[in-house]
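This report concerns only the one structure given below.
Numbering (UniProt numbering), first residue to last: 1 to 563.
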């Protein structure tokens with residue numbers, strides 16, 4: 001009996017043990033399933049904000065302040081972001097981590113729409129406003145997932161005549177002050193990185209001018225705790241110089257000299273200091289006046305922060321590693337033999353990358369109707385490529401889902417911003433645009449038709465406030481040319497005519513007729529400035545139709561052709 005009991009007891013124990021193991025495994029499977037589910041694409045559950053547009057339309061800042069934005073963590077959850085994928089800055093801004101691209105790598109992209117413009121007047125024709133109006137229409141009125149991807153404005157234009165860049169009227173990114181001022185500090189990070197590199201250049205020239213090879217070597221490769229070793233970036237420099245040694249004690253005098261001297265020719269320095277303020281007295285300056293600089297004086301200058309090459313790199317980069325490599329390759333001057341000197345040669349690549357580690361993440365905000373917006377990077381179009389970041393577009397294309405739309409804009413007229421979008425940005429990202437929205441205004445067309453000059457700050461001449469069909473017709477050649485340029489790239493084009501209260505219906509009809517005759521897929525008058533997303537519903541419908549057209553996108557030149 002005793003043995004029999006014991007056997008039963010063991011059997012029961014074993015059964016309980018097996019059951020526990022089975023339950024543990026079941027839990028593990030459940031947890032794994034839950035984890036896999038949590039990692040998958042999530043459907044949007046977006047609560048849009050109601051708009052009650054007033055007439056006459058109040059100022060942009062009054063409209064922005066009258067609307068209460070959703071808390072940014074709520075917005076993030078609504079569009080399927082996980083809590084560990086966002087870093088919150090205050091109530092209305094959050095950075096989005098790049099880990100999301102890995103999580104959603106198998107998720108198909110949405111449709112990709114570019115907003116460009118005809119050659120503008122100095123007052124701007126409303127590309128940002130159309131971009132915001134279009135996503136408000138798509139998402140708040142047609143229930144289609146959409147994301148606007150915009151550039152971060154520089155404080156130069158913001159405090160100058162042009163003003164902010166958050167859109168306008170009832171098609172804006174809110175809160176407007178956050179958008180137009182510091183945002184999440186990306187421009188400040190660029191300023192810091194840019195000026196660190198500028199300081200490194202002058203310091204290096206000073207040290208090389210005042211020290212022997214041996215003293216320089218002892219400073220560049222110091223003895224630490226009785227040991228002396230090259231850093232990774234120094235080993236890479238040695239390899240570039242054809243010196244395949246890893247022990248600092250084994251270099252010959254000649255090799256030491258080659259290693260420590262960059263021999264920068266000060267007259268060839270192209271790397272300038274930057275500040276994000278219009279400060280005309282910094283355009284040409286003299287540096288090195290202090291006694292400690294030992295008479296090493298040279299003429300230099302400040303550029304505006306967003307003109308830094310680091311801004312262009314931020315906008316085109318695809319990952320942290322890629323950004324670090326691009327930063328290292330920046331040429332800052334020539335040496336006395338005429339060979340280029342890079343940031344990598346100066347040994348500052350890691351420092352630049354660490355200053356930019358947060359700036360690489362796009363910032364999430366919202367429109368007046370509570371739809372999502374990415375604000376990221378702001379290179380000018382005249383001296384750089386004039387487009388917001390590749391990373392923001394890539395993340396947004398995953399988030400909107402296969403049937404959704406990502407709407408981004410290109411600076412200046414289509415003949416500069418759009419061409420650079422196709423030739424430079426799309427080449428860097430590998431993304432293919434579905435539709436181009438070409439923004440036009442009656443005002444700009446009249447100017448191109450021979451109307452009097454439009455000057456920022458001065459009242460508009462009567463030609464612009466009274467009906468004049470002849471001027472409009474004569475100016476449509478600019479619109480026609482921009483439509484043709486778009487068609488060369490093989491992308492369908494929808495013309496968005498941004499309506500001003502002084503435009504007559506005959507003028508509006510004429511522009512739409514000429515645009516369609518010139519090959520536009522459609523041409524639509526838009527009232528989003530005065531009505532919000534509702535005023536751009538027809539545009540949104542035209543864009544959706546155009547996105548289903550056959551697309552034969554192509555680059556207009558190969559990278560092999562000579563400059």
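Beta carbons: idealized from backbone N, C-alpha and C, even for Gly. Everything numeric in this text was worked out from a predicted model, so none of it was measured.
Roughly how many angstroms lie between the CA atoms of residue i and residue j, to the nearest whole one?
i	j	result
residue 433	residue 448	28 angstroms
residue 412	residue 386	8 angstroms
residue 415	residue 197	33 angstroms
residue 81	residue 491	31 angstroms
residue 529	residue 279	32 angstroms
residue 142	residue 442	28 angstroms
residue 534	residue 173	16 angstroms
residue 376	residue 179	11 angstroms
residue 550	residue 563	32 angstroms
residue 209	residue 285	22 angstroms
residue 261	residue 245	18 angstroms
residue 482	residue 118	6 angstroms
residue 302	residue 160	17 angstroms
residue 437	residue 57	25 angstroms
residue 214	residue 229	16 angstroms
residue 43	residue 345	48 angstroms
residue 31	residue 354	36 angstroms
residue 237	residue 341	11 angstroms
residue 476	residue 451	13 angstroms
residue 532	residue 133	6 angstroms
residue 183	residue 424	26 angstroms
residue 225	residue 249	16 angstroms
Give the range of the beta strand (DSSP E) segment to which residue i is assigned.
i	result
residue 299	298-300
residue 98	Run containing residue 98: none; DSSP gives neither H nor E here.
residue 112	111-117
residue 232	First-last for residue 232: 232-240, but that is the alpha helix (DSSP H), not the beta strand (DSSP E).
residue 148	146-150
residue 497	493-498
residue 409	405-409
residue 374	372-375
residue 194	Looking at the DSSP string, residue 194 is not in any beta strand (DSSP E); the run it does join, the alpha helix (DSSP H), is 186-210.
residue 365	363-367
residue 286	285-287
residue 340	340-342
residue 508	Segment 505-517 is the alpha helix (DSSP H) holding residue 508; no beta strand (DSSP E) there.
Could you please give the first and the last residue of the uninterrupted alpha helix (DSSP H) stretch that includes residue i?
i	result
residue 526	Per DSSP, residue 526 belongs to no alpha helix (DSSP H); it is in the beta strand (DSSP E), 522-526.
residue 447	442-448
residue 219	213-220
residue 478	469-488
residue 87	That residue, residue 87, is in no alpha helix (DSSP H); its beta strand (DSSP E) goes 86-89.
residue 174	Where residue 174 is concerned, there is no enclosing alpha helix (DSSP H), although the beta strand (DSSP E) it sits in stretches over 171-174.
residue 129	127-136
residue 65	60-66
As a quick exercise: from the options, pick the residue whose alpha carbon is nearest that of residue i.
i	options	result
residue 359	315, 372, 512 and 483	315
residue 552	311, 184 and 489	489
residue 263	83, 558 and 216	216
residue 462	502, 356, 430 and 85	502
residue 97	426, 330 and 395	395
residue 479	324, 340, 515 and 102	515
residue 520	252, 446 and 484	484
residue 435	464, 540 and 392	540
residue 554	39, 76, 105 and 419	419
residue 382	374, 322 and 307	307
residue 299	348, 287, 199 and 87	287
residue 220	347, 330 and 226	347
residue 104	85, 181 and 417	85
Quick check: residue i and residue j, are their CB atoms within less than 8 angstroms of each other?
i	j	result
residue 390	residue 486	no
residue 522	residue 546	yes
residue 175	residue 64	yes
residue 304	residue 327	no
residue 147	residue 400	yes
residue 498	residue 439	yes
residue 310	residue 193	yes
residue 559	residue 507	no
residue 504	residue 467	yes
Answer yes or no: the CB of residue i versus the heavy atoms of the ligand ZN, is any distance below 7 angstroms?
i	result
residue 334	With respect to the ligand ZN, the structure offers nothing, as it holds no ligand at all.
Inset, instruction - Give a yes or no on contact between the segment 98-111 and the segment 401-408, applying the rule of three or more CB pairs nearer than 8 angstroms. - result: yes
Inset, instruction - Please determine if the segment 142-155 and the segment 265-274 are in contact, where contact requires at least 3 C-beta pairs separated by less than 8 angstroms. - result: no
Inset, instruction - Indicate whether the contact test is met: 3 or more Cβ pairs, each with one atom in the segment 259-271 and one in the segment 325-337, closer than 8 angstroms. - result: yes
Legend entry - the segment 160-172 / the segment 115-135 touching (three or more Cβ pairs under 8 angstroms): yes
Inset, instruction - Would you check if the segment 196-210 and the segment 356-370 touch, i.e. whether three or more CB-CB distances between them fall below 8 angstroms? - result: no
Legend entry - Cβ contact check for the segment 335-354 and the segment 253-260: 3 or more pairs under 8 angstroms: no
Legend entry - Inter-stretch contact (C-beta, 8 angstroms, three-pair minimum) for the segment 69-80 and the segment 89-108: yes
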